[in-house]
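Below is one structure, written out as structure tokens, with a few remarks after it.
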Amino acid sequence: MFYKDSDQVYRVRELDSLAWLVHGFGTRQADIPGLFAQLATLKQIHSATCVAAAGRSGVLAKGDALLEDTAGSVVAVKTADCIPILLIDDRHRAVAAVHAGWRGTVARIVQNAIGDMRARFGTLPAELHAAIGPGIGRCCYEVGPEVAVQFGGQGRGHIDLPETNRRQLLEGGVASERIYASDLCTMCHPDEFHSFRRDREAAGRLYSFAGVR
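Heads up, the sequence shown is in numbering that gives the first Met the number 0, so the first residue is 0 and it goes up one at a time.
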């Protein structure tokens with residue numbers, strides 16, 4: 000279950016019991032960079048590339064998923080309609096922050112991140128927690144035929160990025176009861192979220208983060 004805290008950050012109640020973990024999905028009012036001294040981000044390129052932060056901070060490289068298991072470090076992705084996904088491995092105290100736009104979703108970036116976590120940390124997919132944060136919903140995400148065909152459609156249509164990524168998490172081995180979806184559409188809630196489709200170049204960015212205390 001998602002709830003909003005006093006920092007204007009959405010968190011997942013089921014993850015609050017993990018004392019080693021920091022996590023959240025920022026709203027437009029939240030100052031995420033101001034909360035953490037060690038924050039790592041990426042130059043996001045709508046790819047399926049995963050990068051290991053390894054305790055570093057700042058803008059690390061080009062890519063769209065950041066992995067971390069270093070104490071005192073936090074990784075984040077920035078979105079304004081694309082889908083932010085946090086992957087949490089309690090056994091190995093490891094995390095990933097994933098940016099899944101339509102291109103990354105077609106390239107199955109969330110499954111790439113699961114595979115990288117398994118290779119680097121020994122993560123077992125069935126033990127992962129996965130949180131799907133606020134992003135554009137099917138209600139507002141109408142696309143042209145050139146995008147619809149990538150999702151098996153024809154002509155113009157509405158794409159459900161959160162649900163597509165949820166299915167990819169299941170296919171990647173994550174248990175359904177360990178997948179938490181916010182069901183919050185960024186375009187539908189201008190008071191809380193930035194949306195590129197709604198605000199175009201004036202849109203800011205939302206930070207979604209996970210880290211190890």
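Glycine included, every Cβ here is placed at the ideal spot set by N, Cα and C.
Item, Value
"Cα-Cα separation, Arg10 to Ser207", "10 Å"
"Inter-stretch contact at 8 Å, needing at least 3 Cβ pairs: the segment 80-98 / the segment 15-32", "yes"
"Cβ contact (3+ pairs, closer than 8 Å) linking the segment 167-183 and the segment 137-144", "no"
"The alpha helix (DSSP H) enclosing Arg155, as first and last residue numbers", "Where Arg155 is concerned, there is no enclosing alpha helix (DSSP H), given that its DSSP letter is neither H nor E."
"Bounding residues of the beta strand (DSSP E) (the contiguous stretch that carries Gly57)", "57-61"
"Contained beta strand (DSSP E) runs [length at least 3] in the segment 6-50, N- to C-terminal order", "8-11, 20-25, 38-42"
"Rounded separation between Val105 and Glu13 - CA only", "29 Å"
"Nearest-angstrom Cα separation, counted from Thr40 out to Ala209", "11 Å"
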